[in-house]
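Trainee:
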Amino acid sequence: MLMHLPIVILASLPFTTVADSAPKFDIARECRSEGGSQAIQEKCTEDEAQSRDQLQTQWMQFSTRDKAVCMQETSIDGTPSYVELLTCLEMARDVKKSPK
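If you read the sequence shown in our numbering, its first letter stands for residue 116, the second for the next number, and so on.
Structure below.
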């Protein structure tokens with residue numbers, strides 16, 4: 116019975132795949148969930164689109180591990196954000212580059 120325990124544990128872990136291209140999020144849904152006036156939602160949409168475009172050009176320079184961790188973190192509330200994902204990935208990258 117104990118021989119099967121590692122298999123059971125591994126099978127119960129959530130499986131996260133990280134694609135070779137930036138993810139596709141619902142920007143309108145994210146900005147609606149933030150609430151606020153029409154002007155605030157329009158600014159949110161602009162910020163999200165700008166971060167999405169930046170992620171698409173930089174996606175391959177981030178490590179697979181950092182992408183997986185940041186994708187999980189930014190998706191916790193059910194409305195993932197390109198701004199949050201980009202910030203998370205940039206911070207992870209910058210920590211690795213900083214002198215120890």
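Don't be surprised by glycine CBs; every beta carbon is placed ideally from N, CA and C.
Using the rule of at least 16 other Cβ atoms within 10 Å of the residue's Cβ for burial, across every protein chain shown, is ARG98 buried or exposed?
Mentor: In the structure as shown, the chain starts at 116 and stops at 215, and residue 98 therefore has no counterpart that could be examined.
Trainee: With a CB to CB cut of under 7 Å and the five nearest residues on each side skipped, what residues in its chain are close to PHE130?
Mentor: With a pLDDT of only 43 at PHE130, under 50, the local geometry of the prediction cannot be trusted, and no value is derived from it.
Trainee: Can you find at least 3 beta carbon pairs, one from the stretch 169 to 178 and one from the stretch 141 to 150, that sit closer than 8 Å?
Mentor: no
Trainee: Is there a Cβ from chain D that is less than 8 Å from the Cβ of TRP174?
Mentor: Checking the listed chains, one finds no chain D in this structure; it contains a single protein chain.
Trainee: Determine whether the beta carbon atoms of VAL198 and ASP162 lie at a separation below 8 Å.
Mentor: yes
Trainee: Taking LYS211 as the reference, give the member of GLY193, PHE177, THR189 and LYS158 with the closest Cα.
Mentor: PHE177
Trainee: Among the candidates ASP209, ALA137 and SER213, whose CA atom is the shortest distance from the CA of SER166?
Mentor: ALA137
Trainee: Between the Cα of LEU201 and the Cα atoms of SER148, LYS158 and LYS182, which residue gives the shortest distance?
Mentor: LEU201 has its Cα closest to that of LYS182, out of SER148, LYS158 and LYS182.
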